[in-house]
RNA sequence: GGGCGAAUAGCUCAGCUGGUUAGAGCACCUGCCUUACACGCAGGGUGUCGGGGGUUCGAAUCCCUCUUCGCCCACCA
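In this note's numbering, the protein residues as written are 2 to 923.
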């Protein structure tokens, strides 16, 4: 993809462009071979191990085992990798624990689709064969995503790769359920749940997602049984469910219907009679104020039904067709509707009602319908027998954890969402009528005792009777992933070294979409089973979107294949792009139609780094370099001191942007709750140092010194290698490959050392002051500005005069640099008389450029006029402020003082400009 | 319906507890092949801080209101 390097700059040893494809493979292998990403519990300072390192643990949000890497994974995992690489370098015992989720419903769907291609269903195979088939499928193709994560540089501890359906984690799942059972936190009951007629399973509330839809509101007249001339008109969006109606409810205070309460209505289409009941749940003002009650097919009606002791007939089958759930209810199904799909039945029922003359009117009606989050099928509220977890007791500590700062959510706004959800939490349906997953360990004996068992029982724990059967259902896949923070570390074995060393973990990096599905449940289960929070920080990042702000998705065809990006631009470029754009919780916009636009900057930066290294290595050579600590401070040149100071500043900025790594005590103090994890700020600080300071200024400043052998050359070499080394370290978490490739080539490297495990930079113990170099930068900037302003031909040398004094002293030493970078000769002394342009540097040093033959006089006059006028206007405002007694009386003294100083400066400057304009022929 | 949040440059966003002349990156414009890098170098800010009102010596920042947008939750059929 790269253009060929220019011939005169090409060296076969060291090409001008970074060959990322070759380097990534080799470096990845070297890291693996060295085992540097493997975490060791014994090196941690957690109880009993005697190590001296803080553990730093990140648990991967396990991708679905059948997933292939998309750019959202790329973003999520890059963030995790940046954090874990940072902490590894900072001296923590860093563990990034990878793994996959068996993803019950999702994986089962994938395999069912494969079977469908063969014209078969899972029922053709039977449970055992289907599970075996799925296991084979997962074994053959599953987990590919983990390999793909390596390609983007993920420094995970692959030796600890976990899988939710592995024997170890399955044991944890079973233990967790049994413990909940023992604490009476699970129960089985008949409830109206969300049923997916395509997946043929129940879903939790979270799995049935709301979608706005434009439906119809049917008004249907139910006549009184003993007086068909009277009746009640009800309104419904789902006329087909009227087959299961058991009552019509009105509000107890509704005068319109007061006389009818207690009377019997004749249910149209069905012909049976149902009562009119009064229940405060009914809204008087909605529709007709009368509500048909269908307890088996509406969660609210179910509650009404329970209150009034009503029957609960089921008229929709698991596959979403009309059919009686119980033989007694066959009388409710008209022959014309029997067996029809529910949507067909809706139309048909409406037609039949119209024919019967009871369809009063049909209006359009906007409402939300729930759809299956896996297959988008409209879910059917349906009465069925399911397992539930009582959530209120579990939610309590999870709520407190966030409220008291034990766990912080970033960005902060999600804390409110989290609290809002937990405060209104409802019981969790955890049983799924699927085959792929952990089978619920509840067994029934010959005497009908249902008991949960840790191990498959041979006899009933209650009565020793033989076991007859195990529950057919499996757990919601989120039940097992909800245990991830400890099931991956050896729990329920409390003595597990990993559990002791790495639980609780540190930062959880994920998307807000699974805040309830996963994050909240992990916090709840960790409190329930381990008595504490699973992590102290939840970092909720944004979504990858296209230029129209649409979420990237397969169906929209606006996705980006991260591996394609890696191939064309390199993994570092991919990582750079997502991190550099990673404002806290901010969506990342990428253009799928123009990958160059999004990823070239990252590649360009990698190339820039490469070329800094190329220059440095070609100039510095292989000879030993003095360690910075051994360089005589007094031998440092001004530019050396400056760049060392800038490095310290960059380190401080990066640290401030990233940290604190953990709360010092168990809880986040209020003032630290929002700090850190500003990855974009960190990336920018590191980039600015290496590119805009080191490369743009220091490298230029040091060029001539490197060409003259002697002591000063050694100082320059030492500083140059040091600051570049440190810069590479700062950037390594973001761009691991190019930084490793360069770092390995720096002089004095010992084999087996990696920047990946090199100590994270720290500010110098004894900082040096190089701020005087800023005057040199100011002068060069000013002269460059004048050259551009007056359109002085690039090659034409110019000359500037200035007085020699304490402030301008640094310029005397840097005259050569000014000459090189601004093509301007500095002369200390009075300028020749005649027209001249003046540049006053922020430091106060004044440069005088004779205009004769160099600069356009008219332009200079115009420029000064405009500056004078602008400044005069602001000066007016400033004087007004100072004249205001309230300002001088109430504003802080420092502010007033600063304004006074400014007034003096501006006044002088205006006078000066004025005089100059006069002199030059104003 | 309930809750939360956001409107600042062409785009994506910083601007914290009110205090210099409102910033960054990208994009864009101009000029440069200056021997590490044209995947580069140098220069350039293109803005009624969504509208209106208020508090204040002083408001992008605090308060009210309107408008627009977004997110989460939800049992009005």
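Here a beta-carbon is modelled for each residue, glycine too, at the ideal position from N, C-alpha and C.
From a predicted model like this one, the values you see are computed outputs, not experimental measurements.
- Using a C-beta cut-off of 8 Å, the stretch 376-395 makes contact with the stretch 426-438, since at least three inter-stretch Cβ pairs fall below that distance.
- In the same chain as residue 554, and ignoring 5 residues on each side of it, the C-beta atoms closer than 7 Å to its own belong to 560, in chain order.
- By the CB criterion at 9 Å, residue 574 and residue 604 fall inside the cutoff.
- A direct Cα-to-Cα measurement between residue 652 and residue 756 gives close to 16 Å.
- Between residue 222 and residue 360, the C-beta gap is smaller than 9 Å, which places the two residues in contact.
- The beta carbon of residue 330 lies closer than 6 Å to those of 314 in the same chain, with the five residues before and after it left out.
- Comparing alpha carbon positions, the residue from 693, 824, 658 and 666 closest to residue 682 is 658.
- The Cβ atoms of residue 402 and residue 528 lie closer than 9 Å to each other.
- In the structure shown, the three-state DSSP call for residue 605 is helix.
- Rounded to the nearest whole angstrom, the C-alpha separation of residue 523 and residue 485 is 7 Å.
- If the five residues before and after residue 904 are omitted, its C-beta is found closer than 8 Å to the C-beta atoms of 876, 879, 880 and 883, all from its own chain and listed in chain order.
- Judged by their CB atoms, residue 52 and residue 39 are not nearer to each other than the 9 Å cut-off.
- Taking each of 706, 644, 831 and 447 in turn and checking the Cα distance to residue 765, the smallest one comes out for 644.
- The alpha helix (DSSP H) runs of length 4 or more contained entirely in the stretch 699-769 are, from start to end of the chain, 701-708, 712-732 and 737-746.
- The DSSP-derived three-state label of residue 196 is strand.
- When DSSP reads this structure, residue 223 sits in a beta bridge with 233.
- Put simply, the backbone Cα of residue 747 is about 26 Å away from that of residue 770.
- When DSSP states are grouped into helix, strand and coil, residue 43 belongs to the helix group.
- Burial check for residue 269: the Cβ neighbour count within 10 Å reaches 16 or more, so the residue is buried.
- DSSP places residue 655 in the uninterrupted alpha helix (DSSP H) bounded by 639-659.
- With fewer than 16 other Cβ atoms inside 10 Å of its own Cβ, residue 598 counts as exposed.
- Residue environment analysis places residue 124 among the exposed positions, since fewer than 16 neighbouring C-beta atoms fall within 10 angstroms of its C-beta.
- Between residue 668 and residue 405 the beta-carbon gap is near 6 Å, inside 8 Å, which marks them as a contact.
- Within the same chain, 801, 803, 812, 816 and 819 come within 7 Å of residue 827 by CB-CB distance, once the 5 residues on both sides are set aside.
- Rounded to the nearest whole angstrom, the CA to CA distance from residue 742 to residue 15 is 12 Å.
- For residue 920, the three-state secondary structure derived from DSSP is helix.
- Three or more pairs of CB atoms, one per stretch, sit closer than 8 Å, so the stretch 138-156 contacts the stretch 74-86.
- For residue 354, the enclosing alpha helix (DSSP H) covers residues 343-356.
- Taking the Cα of residue 720 as reference, the smallest distance to any Cα among 627, 666 and 758 is reached at 627.
- In the displayed model, residue 19 falls within coil according to three-state DSSP, outside both helix and strand.
- When secondary structure is reduced to three states using DSSP, residue 190 falls in the strand class.
- If you look at residue 538, you'll find it in the beta strand (DSSP E) that goes 538-541.
- By alpha-carbon distance to residue 302, the top candidate from 245, 325 and 776 is 245.
- In the DSSP assignment, residue 426 falls outside any alpha helix (DSSP H) and carries neither an H nor an E.
- Annotation: the stretch 873-910 contains the following complete segments of the alpha helix (DSSP H) (minimum length 4 residues), in chain order: 886-891.
- A Cβ-Cβ separation of about 11 Å leaves residue 210 out of contact with residue 518 under the 8 Å criterion.
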